[in-house]
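J.:
Residue numbers (the working numbering): 311 to 649.
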């Protein structure tokens, strides 16, 4: 049994290779030959080699920790995105510190302050539904703290962004309802401080316009992404007295709430009203009728956000913010029916 703490230099000396090659091999970097990597890992295991995080952080002036701030753990989209972030970060030797805002702007401020005080090397953030001021995020640029925002973003934030093509997705969802024969389509929208809500609404409007269907203000109601909010929005739309035969919801939870209200009001789904959601939450295929929806590449979004953050960390001085836009997929189930 080895009693001393071996270093990268010890491994390099025994194998007669450079310390930098050993370091790259231990991090699974692709520029190291397979046989060299195997030899390094075998000797590291034999010597019970453990990396010294304090030494690493002192040499590179890094903590090898990144912070992630999300609205809610319980939303499947964010737990899936977190898995993608963890996969990329851990492979690169970084720990992930996660904070949940519970959709609170104040909690978002506290989380950023806490993570920055903990000397994280960068942040990945999905803003809360309450966030209307973005100074706390833009101030990270002054501190030279790398930042990536994903899914929920704003044009007022200067940072790399990973988003969906929400305009195209809103168009796609509405076009599906039109193809199902719907001509009086309601939209349960998201908070208008979020770019995704704006873009999905614009996609909704464009699909109506292209089909010669008038946009009716009475058939649009905002909500805050929950089942209860979806119920309230649907009740407001029904109280307008306007005819409806289709509903496009900004998220699956609100769509589920809307379906509950429609059923209680005597509407049959999809015979009387077709309903489509957004996100493809696990429950969407389990409810009755199963919910047609727009599926998001959440795991991939997390991976890309992590890759962008690490790229920024490696090149702080010359980094230029990047925008990545991901495509979505229409999932047809029993809550919509083509005529």
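Quick reminder that beta carbons are idealized off the backbone N, C-alpha and C, glycines included.
Because the structure is a prediction, the values reported are computed rather than measured.
Reducing DSSP to helix, strand and coil, say where residue 497 ends up.
T.: Here residue 497 is taken as the residue at index 187 of the chain shown, counted from 1. Residue state, collapsed to three classes: strand.
J.: Quick check: what's the CA-CA separation for residue 605 versus residue 459?
T.: The residue given as residue 605 occupies position 295 in the chain shown. The residue given as residue 459 occupies position 149 in the chain shown. Straight-line Cα distance between these residues: approximately 20 Å.
J.: Distance check for residue 618 and residue 311, CA to CA, integer angstroms please.
T.: Within the chain shown, residue 311 is the residue found at index 1, counting from 1. Within the chain shown, residue 618 is the residue found at index 308, counting from 1. With a pLDDT of only 45 at residue 311, under the threshold of 50, the placement of this residue in the model should not be trusted; the figure read from the coordinates follows. So the two alpha carbons sit approximately 42 Å from each other.
J.: Closer than 7 Å by C-beta to residue 505: which residues in its own chain qualify, once you throw out the five before and the five after it? Chain order, please.
T.: The residue you call residue 505 lines up with position 195 of the chain shown. Contacts found: 463, 464 and 465.
J.: Rounded to whole angstroms, what is the Cα-Cα separation between residue 341 and residue 396?
T.: As a working note, residue 341 is residue 31 in the chain shown. As a working note, residue 396 is residue 86 in the chain shown. Each residue's alpha carbon lies about 23 Å from the other.
J.: Which parts of the stretch 437-469 are runs of the alpha helix (DSSP H), unbroken and 4 residues or longer, counting only runs that do not cross its ends?
T.: Correct list: 445-452.
J.: Do residue 379 and residue 418 have their C-beta atoms closer together than 8 Å?
T.: Your numbering for residue 379 matches position 69 in the chain shown. Your numbering for residue 418 matches position 108 in the chain shown. Yes, the Cβ-Cβ distance between residue 379 and residue 418 is below 8 Å.
J.: Looking only at its chain, what residues have a beta carbon closer than 7 Å to the beta carbon of residue 325, apart from the 5 residues adjacent to it on each side?
T.: Within the chain shown, numbered from 1, the residue matching residue 325 stands at position 15. Same-chain partners within the cutoff: 349, 350 and 353.
J.: What is the DSSP secondary structure of residue 585, reduced to helix, strand or coil?
T.: Within the chain shown, the letter at position 275 stands for residue 585. Residue 585 falls in the strand class under three-state DSSP.
J.: Here's a check: name, in chain order, each residue in its chain whose Cβ is nearer than 8 Å to the Cβ of residue 631, leaving out the five neighbours to either side.
T.: In the chain shown, the residue the question calls residue 631 occupies position 321. If we look at residue 631 and ignore the five residues flanking it on each side, its Cβ neighbours are 468, 469, 470 and 471.
J.: DSSP beta-bridge partners for residue 558?
T.: Position 248 of the chain shown, counting from 1, holds the residue named residue 558. In the DSSP output, where bridge partners are listed per residue, residue 558 has 497 and 586.
J.: What number of angstroms, rounded off, separates the C-alpha of residue 556 from the C-alpha of residue 436?
T.: Residue mapping note: residue 556 aligns to position 246 of the chain shown, counting from 1. Residue mapping note: residue 436 aligns to position 126 of the chain shown, counting from 1. Cα-Cα distance, rounded: 30 Å.
J.: Using beta-carbon positions only, say whether residue 552 and residue 572 come within less than 8 Å of one another.
T.: As a position in the chain shown, residue 552 is number 242, starting the count at 1. As a position in the chain shown, residue 572 is number 262, starting the count at 1. Result no, Cβ atoms of residue 552 and residue 572 do not sit closer than 8 Å.
J.: For residue 479 versus residue 638, is the C-beta spacing smaller than 8 Å?
T.: To locate residue 479, count along the chain shown from 1; it is residue 169. To locate residue 638, count along the chain shown from 1; it is residue 328. Yes.
J.: Could you tell me the boundaries of the alpha helix (DSSP H) in which residue 479 lies?
T.: Here residue 479 refers to the residue found at position 169 of the chain shown. Run containing residue 479: 476-489, per the alpha helix (DSSP H) assignment.
J.: Is residue 456 closer than 8 Å to residue 614 when the C-beta atoms are compared?
T.: The count along the chain shown starts at 1 and reaches residue 614 at position 304. The count along the chain shown starts at 1 and reaches residue 456 at position 146. Not a contact, by the Cβ cut-off of 8 Å.
J.: Where are the alpha helix (DSSP H) runs, 4 residues long or more, that stay fully inside the stretch 395-435, in chain order?
T.: If we require 4 residues or more, the alpha helix (DSSP H) runs fully inside the stretch 395-435 come out as 415-427.
J.: Relative to the C-alpha of residue 256, which residue among 496, 535 and 540 is closest?
T.: Nothing about residue 256 can be read from this structure; the chain reaches only from 311 to 649.
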